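Remarks on the structure that follows.
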Amino acid sequence: MLKLPLRWIAAAVLLINGFFPALWILLTSFKSDIELAQTPITWLPQNPGLSNYIHAFSDQPLLLFLGNSFAVALLSTLLTLFAATGAAYALTRLHLRHRGLILTLLVAVAMFPPATLLVPLFEIMRGLGLINTYGALILPYAVQSLPVCTLVLASFFQQVPKDIENAAMLDGCTRLQALYRIVLPLSAPGVFTASILAFVNSWDEFLLALTLNAAPGSRTLPVGIMLYQGEFTFPWPVISAALVVAIVPLAILIIVFQERVISGLTTGGIKG
Amino acid sequence: MSVRTLFSRQQDGLRNRLGDISEASLAFWLLLPATLLLGLIVVYPVAKVIHDSLYSISLFSESGPVFIGLANYADALRDPDVWRAVRFTLALCIVTVPGALLVGLVLALLADRQWKWRWPVRLALLLPWALPLAFSGMIFAWFFNTEYGVVNDLLRRAGFAPISFLLIPQWGFLAICIATIWKTSSFVALILLAGLQTIPRSLYEAAELEGASRWQIFHHVTLPLLVPALMVALIFRTISALQSFDIPYAMTQGGPARYTETLSILINTTAIEYMDVGYGSALAVLLFVLSMAVSSIYLRKLYKGTL
Numbered sequence: 000m001l002k003l004p005l006r007w008i009a010a011a012v013l014l015i016n017g018f019f020p021a022l023w024i025l026l027t028s029f030k031s032d033i034e035l036a037q038t039p040i041t042w043l044p045q046n047p048g049l050s051n052y053i054h055a056f057s058d059q060p061l062l063l064f065l066g067n068s069f070a071v072a073l074l075s076t077l078l079t080l081f082a083a084t085g086a087a088y089a090l091t092r093l094h095l096r097h098r099g100l101i102l103t104l105l106v107a108v109a110m111f112p113p114a115t116l117l118v119p120l121f122e123i124m125r126g127l128g129l130i131n132t133y134g135a136l137i138l139p140y141a142v143q144s145l146p147v148c149t150l151v152l153a154s155f156f157q158q159v160p161k162d163i164e165n166a167a168m169l170d171g172c173t174r175l176q177a178l179y180r181i182v183l184p185l186s187a188p189g190v191f192t193a194s195i196l197a198f199v200n201s202w203d204e205f206l207l208a209l210t211l212n213a214a215p216g217s218r219t220l221p222v223g224i225m226l227y228q229g230e231f232t233f234p235w236p237v238i239s240a241a242l243v244v245a246i247v248p249l250a251i252l253i254i255v256f257q258e259r260v261i262s263g264l265t266t267g268g269i270k271g
Numbered sequence: 000m001s002v003r004t005l006f007s008r009q010q011d012g013l014r015n016r017l018g019d020i021s022e023a024s025l026a027f028w029l030l031l032p033a034t035l036l037l038g039l040i041v042v043y044p045v046a047k048v049i050h051d052s053l054y055s056i057s058l059f060s061e062s063g064p065v066f067i068g069l070a071n072y073a074d075a076l077r078d079p080d081v082w083r084a085v086r087f088t089l090a091l092c093i094v095t096v097p098g099a100l101l102v103g104l105v106l107a108l109l110a111d112r113q114w115k116w117r118w119p120v121r122l123a124l125l126l127p128w129a130l131p132l133a134f135s136g137m138i139f140a141w142f143f144n145t146e147y148g149v150v151n152d153l154l155r156r157a158g159f160a161p162i163s164f165l166l167i168p169q170w171g172f173l174a175i176c177i178a179t180i181w182k183t184s185s186f187v188a189l190i191l192l193a194g195l196q197t198i199p200r201s202l203y204e205a206a207e208l209e210g211a212s213r214w215q216i217f218h219h220v221t222l223p224l225l226v227p228a229l230m231v232a233l234i235f236r237t238i239s240a241l242q243s244f245d246i247p248y249a250m251t252q253g254g255p256a257r258y259t260e261t262l263s264i265l266i267n268t269t270a271i272e273y274m275d276v277g278y279g280s281a282l283a284v285l286l287f288v289l290s291m292a293v294s295s296i297y298l299r300k301l302y303k304g305t306l
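Which chain is which? The protein sequence lines are E and B, in order. Everything in the first sequence is counted per numbering that gives the first Met the number 0, starting at 0 for the first residue and increasing by one. Everything in the second sequence is counted per numbering that gives the first Met the number 0, starting at 0 for the first residue and increasing by one.
As structure tokens, this is what we get:
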């Protein structure tokens, strides 16, 4: 008798907590400037329209920011996967002298405050001529995702039976071929999980993007949308529309891959 | 947890003490990309930031770097801006870390049921996790807007006067705390939920048979078994709270009158905006020491396999 209401309360708390902010932004994005300047404020848009979305794309190159974010996230994910695959294989399958030390160092990297590296990274990227290019972000993002991806991949590599690998090597595969033809394909779910975590990490990053890559042409979404704000004006309806556009790809990604994301977060157990 | 099993395999290497050369060189090549990346993006910058912190380097001055020993650190200890930023950052930790753990625990307990539709519940925890911190800050700045914010709308309806949350230091602190707790509690909940789901149902049933109350079951069965997961969440939350940048920056940009400036914001302002590289580096080393002190607790436990 008491169970049903409690269940509903639990569901309501979870759903409101999880979705209200995004929902509120969605509602705001359909309101006109005039409606937004009314007090008391309206909760539901009175004359829902798409003009904010048109402005979001025409006032600022939102599509370009979207493309930049996508390119940076994708390229840094590929780089981190490449580095993490080698590291994870060496850590799980090869006889390393200082396995514990290497792992500890790797995890320590995950806890590094990015703000402390701001200045030297700025100088390195300027030295390499990468300031205001994708490269300035791809390299640090790959490093930020490296620990969690290595741990996720390592936990999957461990589950691949050694016999399969040995059999492949008896058939004439080299160890490296065994990694790329046998172990990696068999760990496909792990590769997937690691990719999603790396992608989301890059998609979300703000501090480095603001410092190393703030030129209008190469801005990623968080920086691009943050700088919609004028000196004194806050075009909230347009910002809301831009936020919706930026959140949708992310939401689709996590709706489709929820199982993978959750398993990755718990095996990697690393970044918040 | 995979980290633990990985560490426990340390003895494995003993079997092959002599090591065959091809395997050693393979290990070298496989670890090379990761090592190069870490060297370029972490090791060299850390060395550089420590080095720079001992110099007076300003990009505005004509002269080159001048060695000044620990003078930057001495200045930092006397600088009221630094102390204010340290105080604000620590206050943020003290409120948001336990806050996020508590809210996360409640969310995890609420979510840990046999739901008919699992995906909306999961998505409700995943969406805040995946939402960029900067966006969360912007959304909450809009919530707390003086005229048109939904929070003030609710206050008005309840008969209170609206509050200029983001323009008054103490209210700004509160608003930043609420935004941070909302954003970070979902990650805590996901970690704890995974911990909850490994607790065998039979333990609960046994406790129920013994006549234990709901609270007793929670206190004597659930909570002790959740301690490892809570520890992981606690350490990672503390470290990221020490590094807070995005949410305060998006909500108040450190204002009003620099009251809500965190250490990370102060470093960014000093080193990047004012281009006072030497002093900014010293502040960066201070933040680095602060967060390494916390993470060493975690790393030591991990290394000893007691986590």
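Backbone N, C-alpha and C define an ideal beta-carbon position, used for all residues, glycine too. Keep in mind the model is a prediction, meaning the values are calculated, not measured.
Would you kindly check if the distance between the Cβ of residue j and the Cβ of residue i is under 8 angstroms?
i: E/Y140; j: E/S201; result: yes
i: E/L196; j: E/V118; result: no
i: B/P127; j: E/G17; result: yes
i: B/V102; j: E/T115; result: no
i: B/L36; j: E/L138; result: yes
i: B/S55; j: B/G277; result: yes
i: E/F69; j: E/L62; result: no
i: B/I246; j: B/T179; result: yes
i: E/L183; j: E/T91; result: no
i: B/S280; j: B/A270; result: yes
i: B/L191; j: B/A228; result: yes
i: E/I253; j: B/L124; result: no
Where do the ends of the alpha helix (DSSP H) carrying residue i lie?
i: B/W114; result: Unbroken run through B/W114: none, as it is neither H nor E.
i: E/I40; result: That residue, E/I40, is in no alpha helix (DSSP H); it is neither H nor E in DSSP.
i: E/S68; result: L61 to R92
i: B/C176; result: P168 to Q196
i: E/M110; result: No alpha helix (DSSP H) holds E/M110; DSSP gives it neither H nor E.
i: E/C148; result: Y133 to F156
i: B/D275; result: Careful: B/D275 lies outside any alpha helix (DSSP H) and carries neither H nor E.
i: B/P44; result: Y43 to D51
i: E/G223; result: L220 to M225
i: E/A213; result: E/A213 -> no alpha helix (DSSP H), and no H or E assigned at all.
i: B/F235; result: L222 to L241
i: B/S201; result: R200 to L208
i: E/K161; result: K161 to L169
Could you tell me whether the Cβ of residue i comes closer than 8 angstroms to any Cβ of chain B?
i: E/T192; result: no
i: E/G271; result: Unreliable placement is indicated for E/G271, whose pLDDT of 39 sits below 50; the coordinate value is still reported in the next sentence. It does: the Cβ of E/G271 has a partner Cβ on chain B nearer than 8 angstroms.
i: E/I261; result: yes
i: E/L185; result: no
i: E/M0; result: The predicted position of E/M0 is uncertain, since its pLDDT is 44 and thus under 50; a value taken from the coordinates is nonetheless stated next. No - not a single Cβ of chain B is within 8 angstroms of the one on E/M0.
i: E/L136; result: no
i: E/P234; result: no
i: E/V159; result: no
i: E/L25; result: no
i: E/P39; result: yes
i: E/H94; result: yes
i: E/T132; result: no
Return no unless some Cβ of chain E is closer than 8 angstroms to the Cβ of residue i.
i: B/F244; result: yes
i: B/E260; result: no
i: B/F143; result: no
i: B/L152; result: A small fix is needed here, since residue 152 of chain B is Asp in this sequence, not Leu. Yes, contact with chain E.
i: B/N267; result: yes
i: B/Q9; result: Caution applies to B/Q9, whose pLDDT of 46 falls short of 50 and renders its modelled position unreliable; the value that the coordinates give is listed next. Cβ-Cβ to chain E under 8 angstroms: yes for B/Q9.
i: B/K300; result: no
i: B/P44; result: yes
i: B/F287; result: yes
How close, in whole Å, do the beta carbons of residue i and residue j come, if the pair is a contact with beta carbons under 8 angstroms?
i: B/L282; j: B/V81; result: 7 angstroms
i: E/D58; j: E/P236; result: The pair is not a contact, with the Cβ atoms about 11 angstroms apart (cut-off 8 angstroms).
i: E/A72; j: E/F205; result: Contact doesn't hold; Cβ gap of about 13 angstroms is too wide.
i: B/A133; j: B/T261; result: Actually they do not touch by this definition, with Cβ atoms about 14 angstroms apart.
i: B/V96; j: B/T237; result: 5 angstroms
(Q) Under 8 angstroms: do the region 204-216 of chain E and the region 127-137 of chain E share three or more Cβ pairs, one atom per stretch? (A) yes
Q | the region 183-198 of chain B contacting the region 94-112 of chain B, beta-carbon criterion three pairs below 8 angstroms | A | yes
(Q) Could you check whether the region 50-67 of chain E touches the region 233-246 of chain E, counting it as contact only if at least three pairs of C-beta atoms, one from each stretch, sit closer than 8 angstroms? (A) yes
Q: Kindly confirm or deny that the region 189-208 of chain B and the region 218-233 of chain B touch, where touching means at least three C-beta pairs closer than 8 angstroms.
A: yes
Q.
Assess contact between the region 253-260 of chain E and the region 154-166 of chain B, defined as three or more Cβ pairs (one per stretch) separated by less than 8 angstroms. Is contact present?
A. no
(Q) Quick test of the definition: if touching needs 3 or more C-beta pairs under 8 angstroms, does the region 146-164 of chain E touch the region 33-43 of chain E? (A) no
Q: Check whether the region 170-179 of chain B touches the region 138-156 of chain B, taking contact to mean three or more Cβ pairs, one atom from each stretch, closer than 8 angstroms.
A: yes
Q | Segment contact flag, the region 235-252 of chain B with the region 77-92 of chain B, C-beta cutoff 8 angstroms, min 3 pairs | A | yes
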